[in-house]
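Numbering-wise, my numbering comes out as the position in the sequence shown, counting from 1, plus 1. By construction, the Cβ of each residue, glycine as well, lies at the ideal position given by its N, Cα and C atoms. Predicted, not measured: the structure shown is a model, and the values here were computed from it. Working notes for the structure below.
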Amino acid sequence: MDQLAIADRRQLRRKLGFWRIACVLLILAAAAAAYLWATAEKAGLAARPQIARVEISGVIQDDRELLERLDRIAKADAVKGLIVTISSPGGTTYGGETIYKAIRKVAEKKPVVSDVRTLAASAGYMIAIAGDQIVAGETSITGSIGVLFQYPQIKTLLDKVGVSLETIKSAPLKAEPNPFHPPSEEAKAVIQSMIDDSFDWFVDLVAERRKLARPDALRLADGRIFTGRQALKEKLVDVLGGDDEIKAYFKSRKVDADLPVVDWEAPGRSFPFGLGSMAAGWVKALGYEVFPALGGLEKLSGEKLFLDGLLSVWQVGSN
C-alpha cells in the first residue's frame, strides 16, 4: 500500500472517530435534557393541588428515605390527601413503628386512606391502621397481629463435624441467645418478656386505632390472617373496594375526589423512560464500550419480591 493510500485511510479514521464522539455526546446531551425536562415536569406537578400516593411493598424495614418523603407530604400545601398503598408481608417491628408514626403525622393535617392490596400483614397491618380509613379487597390478606424473634441453632451441626466454640463473658445473659448452644431458661424468659412487651404495644395500638375493646383486640391477635371480608366483619378494615371507595372517603372529608393522584416515588437512579439502556445501546452500536455503566442504570434498583394470591401467605417461622 502506497503512502498516499495510508494517509487517506488515517484521515478517514480520524473523521470517523470525530463523528462517533460527536454522536455519543449528542446522545448523552439528549438523555440529560430529557431527564431535566422530566424532573421539571415532576416538580411542577408537585406544586399543583393533588392527592399524593405512596407505595409500601416488600419487607418493611427502617427506611429513612420513606420517612423523609412522608414528612414532605405532610408539609406540602398542594397535597390535600394521602393514599398509602400497601403490599407487604410485614417486617421489623421498629420499621413498622416509625412508618406508622410518620403516617399519623400526615393524618394530623390531611386525610389518609390505607389501600390494602394483595397482602398487608403483621407490620404491614400496623402501617395500615395509621390511616383514617382502611380499604381492602374482598380477597386481600391482612392481620397476622403478633411479634416473633428468631435465631439459628447450629450446635448439633457443629457437634457432628467436631467443632466447638468456647465463650467467656461478663454475665450469663450477655450475647444471649447464642446459636452455638441452647438458651438457658433465664435467657428464654428475657427474650419472651421483650416479645410480650412489643406484643402488648401492638395490641394496644390495634385496640386504639380500630376502636376495639382490648379483649376483642387480643382475641384477634393470635397471629392468624384474615381475608378482606373476614377483616371487615371483625372491624379490622373499614370498607371493601378500591378506587371508588377511596374517592368516596375523600369526598366525605371535603377533599375534591377529582384531584389528580400523584405517585410520590423514591428518587430514581436511572434516566427516565429507559434512556439509560437506550443510550447504552446506541453508544455500543457506534463501536464504543467506554460507558458500560449506562447499561446497568436500569437495574440499580434491584429485584423485589411480589406476593400474589391466597397461596402467597408469608408467615416467617410458622410451626
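Buried versus exposed, by CB contacts within 10 Å (16 or more), residue i
| i | result |
| --- | --- |
| V162 | exposed |
| D244 | exposed |
| G98 | It should be pointed out that residue 98 corresponds to Glu in this sequence rather than to Gly. By the neighbour-count rule (16 or more Cβ atoms within 10 Å), E98 is buried. |
| L221 | buried |
| T168 | exposed |
| R65 | exposed |
| E42 | Note that E42 scores 45 on pLDDT, short of 50, meaning its location in the model is unreliable; the coordinates nonetheless yield the value given after this. Per the 10 Å Cβ criterion, exposed. |
| T157 | exposed |
| D116 | buried |
| R118 | buried |
| L295 | Here L295 scores only 39 on pLDDT, less than 50, and its place in the model should not be relied on; the value that follows carries that caveat. Its Cβ being crowded by 16 or more others within 10 Å, L295 is buried. |
9 Å Cβ cutoff met for residue i and residue j
| i | j | result |
| --- | --- | --- |
| G91 | A122 | yes |
| L241 | A137 | yes |
| I130 | R211 | yes |
| K81 | K111 | yes |
| V85 | G132 | yes |
| F203 | T143 | no |
| Q51 | A79 | yes |
| L174 | A188 | yes |
| I135 | S89 | no |
| V114 | V107 | no |
| I100 | S58 | no |
| E1 | E266 | Here the chain comprises residues numbered 2 to 320, so residue 1 is not present and cannot be evaluated. |
C-alpha distance - residue i paired with residue j, whole-angstrom precision
| i | j | result |
| --- | --- | --- |
| P293 | L219 | Confidence at P293 is low in this model, with a pLDDT of 44, below 50, so the placement of that residue should be treated as unreliable; the coordinate-derived value is given next. Looking at the two C-alpha atoms, the distance is approximately 56 Å. |
| K255 | P261 | 15 Å |
| F251 | D198 | 36 Å |
| F181 | I104 | 41 Å |
| L27 | F19 | 12 Å |
| R21 | G229 | 59 Å |
| R15 | A77 | 55 Å |
| T93 | G125 | 10 Å |
| A232 | T140 | 10 Å |
| L237 | V164 | 50 Å |
| S253 | V60 | 33 Å |
| I74 | R225 | 33 Å |
| D248 | E109 | It is worth fixing the name first, because residue 248 is Lys in this sequence and not Asp. Roughly 19 Å between the two C-alpha positions. |
| E177 | E69 | 35 Å |
| L149 | D201 | 13 Å |
| D264 | L206 | 28 Å |
| P183 | L71 | 43 Å |
| Y289 | A30 | Residue placement at Y289 cannot be trusted, given a pLDDT of 46 that sits under 50; what the coordinates show is reported in the next sentence. Going by the C-alpha atoms only, they are around 17 Å apart. |
| E186 | Q154 | 15 Å |
| K170 | Y152 | 20 Å |
| M195 | G147 | 13 Å |
| L83 | S145 | 25 Å |
| D217 | D223 | 11 Å |
| L120 | E235 | 17 Å |
| R215 | D239 | 18 Å |
| A258 | L67 | 25 Å |
| A172 | N179 | 13 Å |
Endpoints, beta strand (DSSP E) assigned at residue i
| i | result |
| --- | --- |
| L174 | L174 -> no beta strand (DSSP E), and no H or E assigned at all. |
| D245 | First-last for D245: D244 to S253, but that is the alpha helix (DSSP H), not the beta strand (DSSP E). |
| G144 | I142 to G144 |
| I226 | I226 to T228 |
Sheet register partners of residue i (DSSP bridge)
| i | result |
| --- | --- |
| D264 | R54 |
| T86 | E56 and D116 |
| V240 | V136 |
| V162 | DSSP, once it has assigned bridges, lists no residue as partnering V162. |
| V80 | Q51 |
| I22 | DSSP lists no partner for I22. |
| G91 | V60 |
| A121 | S89 and T143 |
Alpha helix (DSSP H) segment containing residue i, residue limits
| i | result |
| --- | --- |
| D205 | E186 to R210 |
| Q134 | Taken as a continuous stretch (DSSP letters only), Q134 belongs to no alpha helix (DSSP H), being part of the beta strand (DSSP E) at Q134 to A137. |
| L68 | R65 to K76 |
| T99 | T94 to A108 |
| P216 | R215 to L221 |
| I128 | A124 to A129 |
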